[in-house]
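Enquirer: Our numbering applies: residue 1320 is where the sequence shown begins, and numbers increase by one. The C-beta atom is built at its ideal place from N, Cα and C for all residues, glycine as well. As the structure is a prediction and not an experimental result, all values here were calculated from the model.
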Amino acid sequence: MQRDLDKAALRGEPSYVWRAGQQRRLEMIAEWGGERLAGRILENGCGVGMYVQKLQAYSGKVYGLEYEFERAGEAHAYSGLIVNAAGENLPYPANSFDLILSHEVIEHVADDHAAIQEMVRALKPGGRITLFCPNRGYPVETHGIYWRGQYHFGNIPLVNYLPRKWRDRLTPHVEVYTRRDLEKLFAGLPVRFVYRTIVFGAYDNLIARFGVFGKALRATLQFMERTPFKLLGLSHFWVVEKV
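(1) Under a three-way DSSP split, which group does Gly1446 fall into?
(2) Opposite Tyr1514 in the DSSP bridges: which residues?
(3) Just curious, the beta strand (DSSP E) that His1422 is in, first and last residue?
(4) Can you give me the Cβ contacts of Tyr1514 inside the same chain, cut-off strictly under 8 Å, excluding the 5 residues immediately before and after it?
(5) Quick check on the DSSP output: the alpha helix (DSSP H) that includes Tyr1370 runs from which residue to which?
(6) Let's see if you can read the secondary structure: which residues bound the alpha helix (DSSP H) around Ile1348?
(7) Just to confirm my understanding: we take Gly1552, look at its own chain, exclude 5 residues before and 5 after, and list those with CB closer than 6 Å. What are they?
(8) On the DSSP bridge list, what partners appear for Arg1359?
(9) Going by DSSP in three states, Val1336 sits in which element: helix, strand or coil?
(10) Between the alpha carbons of Ile1348 and Phe1548, how many angstroms are there, rounded?
(11) With distances taken from CA atoms, which of Cys1452, Val1381 and Ile1435 is nearest Ala1506?
(12) Short of 8 Å in beta carbon distance, which residues of its chain neighbour Tyr1522, apart from the five on each side in sequence? Order them along the chain.
(13) In whole angstroms, what separates the C-alpha of Ile1526 from that of Gly1364?
(14) If we require 3 or more residues per run, which beta strand (DSSP E) segments fall completely within the region 1452-1534?
(15) Report the rounded CA-to-CA distance for Glu1544 versus Asn1524, giving the unit in angstroms.
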């Protein structure tokens, strides 16, 4: 059991069930991907293939890359274009893709700067990256912590507000990002920032458990995305275009 938790901590847990939260993010990807969704698409870190499956509805040719061999095998049920490889060394030529989706992945890789460089390399000029990753301003660490050598699963409050040195001791398995952190990852690369925001989650589990109260909470938090309080949101959502 501990081994399974450690593995989940290092690589994250993919989406196994398609719910409102995933659907909302798919619509954001579609809005900012536009006509590129009819071209060549890569989901970089595709998990078990849920987004690979849904993106195929837009008539493009959808590829998936996944580091965990078992998950890559499951994703293969949705596409024959799945490879088992690391995001820091994409097995594709330069200028291959019209759109690359990186959904809550770069925080788990060994070298996030190399992973960003590889995505830009693999994009065609005019192609876009749609990137979701954890926001350091969110008041809960959703990936658990390590304490005295043991991984403790769960949502841990206020960890991300600690000084970086202390926070990283508790969460050596996962990164978290400020706007400036992300800008540094793209520094010097041939890109422009098309759209940058911070979003809250869909809180499907709370809605399943608490019904109307959960829906009211989701509506309130998603309204806050249009205010300065979005700085407390769950994830960055960036759209980055290769120039």
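Expert: Taking the definition as stated:
(1) Along the sequence shown, one-based indexing puts residue 1446 at 127. In this structure, Gly1446 counts as strand in the three-state DSSP scheme.
(2) In the sequence shown, counting from the first residue as 1, residue 1514 sits at position 195. Its beta-bridge partners are Val1558.
(3) Stepping through the sequence shown from its first residue, residue 1422 is reached at position 103. Taken as a continuous stretch (DSSP letters only), the beta strand (DSSP E) holding His1422 covers Phe1416 to His1422.
(4) As a working note, residue 1514 is residue 195 in the sequence shown. Around Tyr1514: Trp1351, Phe1556, Trp1557 and Val1558.
(5) Residue mapping note: residue 1370 aligns to position 51 of the sequence shown, counting from 1. Segment Met1369 to Leu1374, the alpha helix (DSSP H) holding Tyr1370.
(6) As a first step, residue 1348 is located in the sequence shown; it is residue number 29 there, counting from the start. Element bounds for Ile1348: Ala1339 to Gly1352.
(7) Taking the first residue of the sequence shown as 1, we reach residue 1552 at position 233. Taken in chain order, the residues that qualify are Asn1454, Ile1517, Val1518 and Phe1519.
(8) For the purposes of this step, residue 1359 is identified with residue 40 of the sequence shown, where counting begins at 1. For Arg1359, which the question treats as bridged, DSSP gives the partners Lys1380.
(9) For this step, residue 1336 is matched to residue 17 along the sequence shown. Val1336 falls in the coil class under three-state DSSP.
(10) The sequence position of residue 1348 within the sequence shown is 29, counting from 1. The sequence position of residue 1548 within the sequence shown is 229, counting from 1. Each residue's Cα considered, the two are about 23 Å apart.
(11) Walking along the sequence shown from the start, residue 1506 turns up at place 187. Checked all of Cys1452, Val1381 and Ile1435; the closest Cα to Ala1506 is Ile1435.
(12) Taking the first residue of the sequence shown as 1, we reach residue 1522 at position 203. Same-chain partners within the cutoff: Gly1340, Gly1533, Leu1536, Arg1537 and Leu1540.
(13) For this step, residue 1526 is matched to residue 207 along the sequence shown. For this step, residue 1364 is matched to residue 45 along the sequence shown. C-alpha separation (whole angstroms): 27 Å.
(14) 1464-1466, 1469-1471 and 1510-1518
(15) Here residue 1544 refers to the residue found at position 225 when the sequence shown is read from its first residue. Here residue 1524 refers to the residue found at position 205 when the sequence shown is read from its first residue. So the two alpha carbons sit approximately 20 Å from each other.
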